[in-house]
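Residue numbers (our numbering): -3 to 177.
The beta-carbon is built from N, C-alpha and C at its ideal position, and this holds for glycine as well.
Input: a single structure, listed below in structure tokens.
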């Protein structure tokens, strides 16, 4: 046996999917422009999300289209994640990571991702949400002979944070100790 410890390929983390969400808060022209931005960024047609309830103070009604989102997988997801993290300077808070080993963050201006500014479109903020997985997780989701996944095979918050730090040389901050300008 060699001196190096063998790495189990079933324990490696990878990006299952990444969701990009732009919530405008109203239907109409602004939502169409936001959808155009998401389509330009991802190369696919975004899905429109509807409001679940009426909120008078926000001026939205139930079932009104208020947001658009797109799900990206594979190499395109990694490339967009890299661009999004570059905007955040590879710094995330530990609150950005969930117990299930997923993480998300938001950016304020889509033009920071390398899209040229268009005055007719405007500027939109967007949320990135990344789902991490391991090989073998399809066992839970398949239709026939679906099984449970053992606890030690699930992705944890700590593993997701370590993956982020190793793969992207990221920094994880604590909100209590951050000094704001």
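For residue j and residue i, the rounded distance between their alpha carbons
i           : j           : result
residue 49  : residue 57  : 7 Å
residue 82  : residue 148 : 32 Å
residue 84  : residue 76  : 13 Å
residue 171 : residue 102 : 16 Å
residue 92  : residue 141 : 34 Å
residue 54  : residue 34  : 23 Å
residue 47  : residue 3   : 46 Å
residue 71  : residue 164 : 15 Å
residue 153 : residue 135 : 21 Å
9 Å Cβ cutoff met for residue i and residue j
i           : j           : result
residue 127 : residue 51  : no
residue 120 : residue 105 : yes
residue 6   : residue 130 : yes
residue 169 : residue 78  : no
residue 118 : residue 26  : yes
residue 38  : residue 62  : no
residue 111 : residue 36  : yes
residue 94  : residue 64  : no
Exposure of residue i, with buried meaning 16 or more beta-carbon neighbours within 10 Å
i           : result
residue 80  : buried
residue 145 : exposed
residue 42  : buried
residue 96  : exposed
residue 59  : exposed
Coarse secondary structure for residue i, derived from DSSP in three states
i           : result
residue 136 : helix
residue 168 : strand
residue 87  : strand
residue 41  : coil
residue 111 : coil
residue 144 : coil
residue 17  : strand
residue 73  : helix
residue 128 : strand
Any non-hydrogen atom of the ligand SAH closer than 8 Å to residue i Cβ
i          : result
residue 90 : Inclusion of the ligand SAH in the displayed structure is not the case, the ligand content being empty and no account of it being possible.
Of the listed residues the options, nearest to residue i (C-alpha basis)
i           : options             : result
residue 122 : 162, 159 and 18     : 18
residue 125 : 9, 68 and 151       : 68
residue 9   : 161, 156 and 22     : 156
residue 32  : 98, 21, 116 and 108 : 116
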